[in-house]
Every structure is written in structure tokens, then in C-alpha cells.
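Mapping the sequence shown onto the numbering used here, position 181 (from 1) lands on 181, and the numbers just tick up by one.
All residues carry an ideal CB built from backbone N, CA and C; glycine is no exception.
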Amino acid sequence: LDPRSSLLEMALHMRGSSASVGRQGHAGSSQRASIVVRPSATACRARTGKAARIVCQLSQQAEGTKTVVVKNTPGEMPFPWSEKDPYKLPVSIDRVQKLLITKGWEKPWVEQIIDRVMKSMLRTTEERASGVIDFLSSVGLRQDEICNMASISVVLLGLNPETRLKPVVDYLKKRGVPDDAIPDLLLKHPRIFEYRAEEGASYLVKQKARIQVDVVPAGLKNTQKAIAVNYFREGASFLQSPVAPSGPLKA
């Protein structure tokens, strides 16, 4: 075997390929070596294990345009509490912020509300927020009290005053709550506007949750009146074993 063929075979083997060398020719003629190269499994694995490099060409953004990143979440975006409100206006964060500041709201609470608007937790406009504030003011609440309620109830400033706030106040009046007691009740239960008033029902509804307001006698001789606000779920049982509280009045 030609020594040069052995060296070639060794070099090919070191590179991950195997070689077979044969001798051909007749007597008196020079010897020739034919080399057949077969790729080995090791070489195949080495080739397939290489990392791929992707080259992207970036073009310059056209002048006068801007990039807008929109965050989409799966499912339906609630407006608010899945309310199907017919009028959805574009949110102007600056105008809402200026409105709340001009109303005298404290800066930390304004920043909290604006943060909710930016995160789509609250959908409102300057006109909607102004309508909510004006309605609650007409009921008898002060600006600092409305600010306190809005900080607890996330969707309050996005509710429609005519279709969501006014029906709840009308419900309280029908249940016998005096006009001068309504502001205090709303302040103590700021999420009451997240519930809906249904025709002929003695309670407010939010999915399976219920709120029923009753005016009950109080005092030693039952000469005074107290307002009872009962929270319960649909199908709840009262005054039954093993343990159940006394429920709202039947109306």
C-alpha cells in the first residue's frame, strides 16, 4: 500500500469520514490506489448539530410615522364588569387627569386612577368621569368622599350615571332609605354601584352576588330606624341548620 494513501486515509478518518483503499493494476505496471469515501454517522451528527444564523435586514422607519404597541388580552375586555355600554369614547388620559386635579383630588389618588386607565382596568373619558362626579355630588357626597370611593371601586368613574348610578339611588329610596342617609350609606359601601337594579327585585345583582338594603326598627323601644345592608349569594339559605345568619327581610 502506498504510504501516501495511508496518510490520506488517516486524515479522512480524523475528519469524521472513513476511507477504503484498494490496489489495482497488473504485473510490471505501476500501482494505483482508488479511494472511496463514505461519510460516517459521526460526521452527520456534527453537521446537524451546528447552529443556524439568521440575518435580517432592517429598513429605516418612514419619516412622519410612529410605532404603536397594542397589548391584547385573551377574552372580552370588560367595560366595566362586562357592561355593554353603547358609547365608547377614546380615552384621553391627560384630560381625565386635569379634570381630577381641578376637582381638588389628591395627587396620589389621581396617579392611581390614571395608572388604572393606562392598564385598561378602567375605561373612562373626561365627560364620563365628570358625569359620575357631578351625579355623586348632587346626592350629597363631597369631593374627598368621591375620591375615596373611586380609589376602592375600580370601575366607578367608568359607569354610566343614567343607567348605572341613578337606578341604584332610586332603589335605595324605594327601600325606605332617607335622602340624608344615602351619602353615608354610599360612602360605607362604595362598591354598591357595581351591582345592578332589576325591575321588581328587592335586591341588587352582580352575577350571583346580591345586596339587599332594609330599613329595620332599632333602639330599646324600636322607635328608631336602622339601615341593614345584607350581602349574600344566589340560592343562599338563612335560619337553617347547621349554621346560618338571619337573612334580609322578605319583600
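According to DSSP, is residue i helix, strand or coil?
i	result
L204	strand
N230	strand
R116	helix
V303	Lying before the first or after the last residue shown, residue 303 is absent from the chain, which here runs from 1 to 251.
R123	coil
A209	strand
R142	coil
R175	coil
A197	strand
K107	helix
K188	helix
P161	helix
K225	strand
V169	helix
S130	helix
P248	coil
S153	coil
S92	coil
A236	coil
V36	Below a pLDDT of 50, predicted positions are generally treated as unreliable, and V36, at 45, falls in that range; the measurement from the model is reported next regardless. Residue state, collapsed to three classes: strand.
S137	helix
S20	Unreliable placement is indicated for S20, whose pLDDT of 41 sits below 50; no coordinate value is reported for it.
Contact check, residue i vs residue j under 8 Å by CB: the rounded distance?
i	j	result
V168	I192	6 Å
K206	Y195	4 Å
L141	L186	7 Å
Q212	P183	Q212 to P183, Cβ: 20 Å. No contact.
I93	M118	7 Å
L165	E126	With 8 Å as the limit, L165 and E126 do not qualify as a contact, their Cβ atoms being about 17 Å apart.
W109	Q143	Going by Cβ atoms, the distance from W109 to Q143 rounds to 11 Å, so no, they are not a contact pair.
A228	D214	5 Å
V139	I114	Wrong, their Cβ atoms sit about 25 Å apart, outside the cutoff.
R128	L122	The Cβ separation is near 10 Å, so there is no contact.
Does the separation of the CB atoms of residue i and residue j fall below 8 Å?
i	j	result
L204	Y171	yes
R233	A218	no
Can you name, in chain order, every residue of its own chain whose Cβ lies under 7 Å from the Cβ of residue i, other than the five neighbours on each side?
i	result
I133	K103, I146
A226	V216, A218
P74	Note on P74: pLDDT 47, under 50, position unreliable in the model; no value is reported.
T163	none
Report all residues from its chain with a CB closer than 6 Å to the CB of residue i; omit the five preceding and five following residues, and keep chain order.
i	result
G131	P161
P190	M149, I152, S153
T124	L157, G158
Q224	A218
N222	none
R175	V213
CB-CB under 8 Å to residue i, same chain, minus the five flanking residues each way: which ones, in chain order?
i	result
Q112	S151
Y231	A209, R210, I211
A181	I227
K107	I101
K173	D179, I182
Next item on the list: Could you tell me whether the stretch 197-213 touches the stretch 149-157, where touching means 3 or more Cβ pairs closer than 8 Å?
Entry: The stretch 197-213, when compared against the stretch 149-157, does not touch it at the 8 Å Cβ threshold.
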